[in-house]
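**Student:** Can you read through this structure? Questions will come right after.
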Amino acid sequence: MSWTLLIDAVTYSCLISLMGFGLGFVRITTGVWNIAHASLVTIGAYIVFISVALMGGSPYIYLPLAFITCGFVAFLEYITIIEPLRKRKASTIMMLVATLSLDLFLFSLLNIGADYLQLRLGLPSKNFLLRSLDFNFLEFPGIFWSSLLLLIFSLGFLHYLLKHTTIGASLRASISNPLLAPLIGINVTRVNLFSWFIAGGFAGLSGGLLPLWMQGKPVLGDSLLPVMFCVVIVGGVEEVFGTFIGGILVGFVQILLTSALALVFGTAVIPYKTLIPMAILVVTLLFAPRGIIGIEWKKVLPLLRVR
Amino acid sequence: MEELILTFLTDLISLLAIYFILNLSLNLELGYVGIPNFGLVLAVTGGAYVVGWLPIRLLMHIYAIDSSLSSDILKNNVIIVTQINHYLQRDPLIGILTFILTLLVAMCMGGALGILAAYPAIRLRSDYLAITLLALGEILSIIGRNYEPLVGGVIGIMVPDPWSWLGSIRFLLLPIILLGIAALTALFLEILSRSPVYRTFKAVRDNEIAAASLGKDIVKVRISALVLGSMMSGLAGALYAFYSCYVGPGVYGRMEWTFLPWLMVVFGGLGNNKGVLLGTSVFIAFRKLIIFYKEAFAFLPFDVVWMEYLLLSLLLLIIVILRPQGLIKEKPRYTLPRDKLVRISQKFHRKRD
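Protein chains in written order, with my numbering: chain A, 1 to 307; chain B, 308 to 660.
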């Protein structure tokens with residue numbers, strides 16, 4: 001296996017894990033599949049792109065801005081759309097439709113913005129790549145190090161947040177029993193707002209990193225939406241850390257299997273690589289509908305040994 | 308100007324008919340049975356690909372088109388389609404039979420894709436199922452973009468026009484034909500909605516456990532509805548391909564063929580066909596009007612199509628928050644006419660007294 005392939009696999013896995021994390025996190029905390037998460041990823045990419053184009057410097061210094069902005073958009077989404085619908089006891093499908101409408105709204109705004117930047121400011125906003133602005137460390141591109149470190153940091157941060165802070169304890173309580181949590185004094189709305197801010201922030205962070213690795217465009221997030229869903233479902237929807245496992249698995253299998261198939265059948269198979277996450281999804285649903293994290297390994301492993 | 312208005316109207320009616328069929332299929336799946344099919348685009352694309360693949364090969368065989376051309380259908384696509392259309396201008400019977408046969412195959416393809424997508428996911432909870440279908444909806448589009456022999460890869464393929472024998476009135480009559488097919492589909496659903504099948508569908512939607520306790524096979528019912536809905540989606544995809552005389556993977560995207568139908572159905576009102584018709588009409592008319600008056604918005608520093616999405620999504624957000632049941636609320640349907648039920652009830656009470 002070449003180093004380039006390994007770098008690609010690690011980078012892609014880390015990026016889709018980070019993207020999928022926000023999607024899975026709000027699903028666990030509030031029971032909502034946020035389709036607008038795709039647009040939040042794209043907003044993150046555009047914040048970094050516009051900042052670099054107007055103010056210059058490294059794309060990395062604008063990542064906190066992408067985090068805060070996207071976190072704030074998700075925060076607003078919760079206050080203006082999700083919370084009113086929850087109060088009306090709307091079904092999960094109606095929530096899904098509401099987030100879909102918001103995604104379309106944000107998608108239109110992104111396209112309007114991209115058109116404006118291109119026509120009035122002359123920026124290549126419909127197709128941009130920031131790879132030339134990336135650094136190299138130990139002969140590996142910066143995006144490899146940054147996505148890997150960000151993933152490790154996120155895991156550490158989440159672990160600390162959930163296990164050692166009051167808000168983390170409140171989050172766990174409201175996840176395990178949202179009806180009982182208010183009875184012990186937890187402000188569920190505040191906890192949910194916090195989780196939406198964090199999820200939006202992570203979407204912004206991963207979106208901000210994406211143009212360093214692939215072409216940025218208004219459909220960037222939406223084109224990755226099926227993969228994000230695959231990551232969440234394959235990892236396991238009921239566990240916060242399941243998404244990270246799903247992301248690593250889907251990313252590695254997609255990159256390495258495509259490469260292996262290309263060696264056997266030629267390069268013609270490469271464009272079909274986006275089918276691999278869907279194949280993993282189907283296999284997961286057939287054999288482990290609760291995702292990898294939901295597999296009871298104590299029961300499965302002895303069976304495998306006998307066979 | 309008159310010609311422009313006529314083109315606008317024919318285009319409007321055609322799109323309305325096609326989207327009405329598609330939205331009825333979503334209403335059947337979501338409104339009647341409660342299956343949140345976020346993978347509508349899969350069956351639509353399947354139906355369209357049948358139109359891109361089948362009629363050209365079939366008609367080449369029937370009209371014995373030059374074998375040197377048939378060796379590379381994609382490269383010689385324009386020449387072949389022109390020759391076929393030339394023959395079809397004098398052969399209405401073959402045109403109509405090809406049209407009907409292709410639509411039937413497209414519906415079968417849609418149904419088969421519905422089963423394929425549903426099988427691994429049909430037992431899942433509603434939101435889970437929605438997300439899975441959304442992810443799987445992309446499969447055919449990816450294959451179509453990359454496997455050129457199917458429908459010409461990213462460039463796409465021109466399709467023979469089975470209605471070319473209509474000559475200059477084709478553009479006037481085709482919308483009426485499409486409208487007729489849409490009316491037949493609506494009639495079929497109306498008949499279905501007065502049958503015991505519909506009541507089984509509703510029972511599964513409203514309370515799966517209660518329906519199962521009465522002996523209904525939930526998985527079988529859901530798969531049947533999904534197959535029926537996917538057949539209708541396949542029909543819509545095929546009709547659009549015939550209408551535009553072109554099939555290309557770029558045309559069949561998730562936004563246009565999954566997300567917009569969802570918005571239209573939820574906007575109009577779930578579970579009733581009148582709501583679907585209203586939602587479809589409002590959305591399609593609004594879209595076409597914006598495109599029709601596109602030049603009036605030329606001063607804007609962006610493509611006006613984004614304003615259309617912006618306004619429609621905003622409108623739907625307001626509807627979802629303020630009136631989640633849509634513009635027309637679903638009404639309960641009775642197994643017998645209302646007056647007959649009243650008479651039976653009165654008779655029953657008289658006997659008891």
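Think of the CB as a built atom: it goes at the ideal place given N, C-alpha and C, for glycine as much as any other residue.
Source: prediction; values computed, not measured.
#1: Give the residues of chain A in contact with B/Ile438, contact being defined as C-beta atoms less than 7 Å apart.
#2: Hey, would you say A/Ile280 sits closer than 7 Å to A/Val237, going by beta carbons?
#3: Just to confirm, is the Cβ distance from A/Ala9 to A/Leu256 under 7 Å?
#4: When you compare the CB positions of B/Leu420 and B/Leu349, do they come within less than 7 Å of one another, or not?
#5: Figure out for me which residue from B/Pro608, B/Leu623 and B/Val385 has the closest Cα to the Cα of B/Met571.
#6: Pairs of beta-carbons, one from the stretch 551-558 of chain B and one from the stretch 532-540 of chain B, closer than 8 Å: are there three or more?
#7: Between A/Thr92, A/Ile112, A/Asn187 and A/Leu63, which lies nearest to A/Lys308 when the distance is taken from Cα to Cα?
#8: Mind listing the chain B neighbours of A/Asp115? Cutoff is C-beta to C-beta under 8 Å, in chain order.
#9: Quick check on B/Phe609: does DSSP put it in helix, strand or coil?
#10: Between the alpha carbons of A/Leu100 and A/Ile35, how many angstroms are there, rounded?
#11: Please report the residue range of the alpha helix (DSSP H) in which B/Pro399 lies.
#12: Examine chain B for any beta-carbon lying closer than 7 Å to the beta-carbon of A/Pro59, and answer yes or no.
#13: Check A/Ile35 in the structure and name its three-state DSSP category.
#14: Considering only the beta carbon of each residue, do A/Gly208 and A/Val73 sit closer than 7 Å?
#15: Enumerated in chain order, which unbroken segments of the alpha helix (DSSP H) with a length of 4 residues or greater are wholly contained in the stretch 559-599 of chain B?
#16: Measure the alpha-carbon distance for B/Val412 versus B/Val357 and round it to whole angstroms.
#17: Once you ignore the five residues that flank A/Asp222 on each side, which residues in its own chain have a CB closer than 6 Å to its CB?
#18: Please tell me whether A/Leu158 has its Cβ less than 7 Å away from any Cβ of chain B.
#19: Does any C-beta atom of chain B lie closer than 7 Å to the C-beta of A/Leu286?
#20: List the whole-angstrom C-beta distance separating B/Arg594 from B/Glu615, where the pair is believed to meet the contact cut-off of C-beta under 8 Å.
#21: Any C-beta of chain A within less than 9 Å: which residues of the stretch 329-356 of chain B qualify?
#22: Cα separation between B/Ile464 and B/Lys636?
#23: Going by DSSP, what residue range makes up the alpha helix (DSSP H) through A/Val240?
#24: Beta carbons nearer than 9 Å to chain E: which residues of the stretch 74-100 of chain A have them?
#25: Counting only C-beta atoms, is A/Asn192 closer than 7 Å to chain B at any point?
#26: Do the CB positions of A/Ile143 and A/Trp213 come within less than 7 Å of each other?
#27: Indicate whether A/Met278 and A/Gly20 have their beta-carbon atoms separated by less than 7 Å.
#28: With a threshold of 6 Å on Cβ separation, who are the neighbours of A/Pro141 within its own chain once the five nearest residues in sequence on each side are excluded?
#29: Interface residues of chain A around B/Tyr600 at Cβ under 8 Å?
#30: Check the C-beta distance from A/Phe351 over to B/Leu621 and give it rounded, since I have them as a contact under 8 Å.
#31: Going by DSSP, name the residue or residues bridged to A/Pro141.
#32: In three-state DSSP terms, what is B/Val554?
#33: Based on Cα-Cα distance, which residue from B/Phe315, B/Thr314 and B/Val340 lies nearest to B/Val528?
#34: At a Cβ threshold of 7 Å, is B/Ser551 touching chain A?
#35: In chain B, which residues lie with their C-beta within 9 Å of the C-beta of A/Pro141?
#36: Roughly how many angstroms separate the alpha carbons of A/Leu76 and A/Gly246, rounded to a whole number?
**Tutor:** Straight from the coordinates:
#1: Trp33, Phe229 and Ile233
#2: no
#3: yes
#4: yes
#5: B/Leu623
#6: A contact is defined here as three or more CB-CB pairs under 8 Å, and the stretch 551-558 of chain B fails this definition with respect to the stretch 532-540 of chain B.
#7: Past the edges of chain A, shown from 1 to 307, lies residue 308 of chain A, and the structure says nothing about it.
#8: Pro608, Phe609, Asp610 and Trp613
#9: coil
#10: 5 Å
#11: Pro399 to Ala425
#12: no
#13: coil
#14: no
#15: Within the stretch 559-599 of chain B, the complete alpha helix (DSSP H) runs of at least 4 residues are 567-575 and 580-599.
#16: 7 Å
#17: Ala38
#18: no
#19: yes
#20: 6 Å
#21: Leu337, Gly341, Pro343 and Phe345
#22: Going by the C-alpha atoms only, they are around 42 Å apart.
#23: Neither: A/Val240 is in no alpha helix (DSSP H) and is coded neither H nor E.
#24: Going by chain labels, chain E is absent from the structure shown, which instead holds the protein chains A and B.
#25: no
#26: A contact, by the Cβ cut-off of 7 Å.
#27: no
#28: Asp134
#29: Within chain A, no residue comes near B/Tyr600; the closest Cβ sits about 18 Å away, beyond 8 Å.
#30: For chain A, the structure presents residues 1 to 307; residue 351 of chain A sits outside this window and is missing.
#31: Looking at the DSSP assignment, A/Pro141 forms a beta bridge with A/Asn136.
#32: strand
#33: B/Val340
#34: no
#35: None at all; the shortest Cβ gap to chain B is about 27 Å.
#36: A/Leu76 and A/Gly246: Cα-Cα distance of roughly 28 Å.
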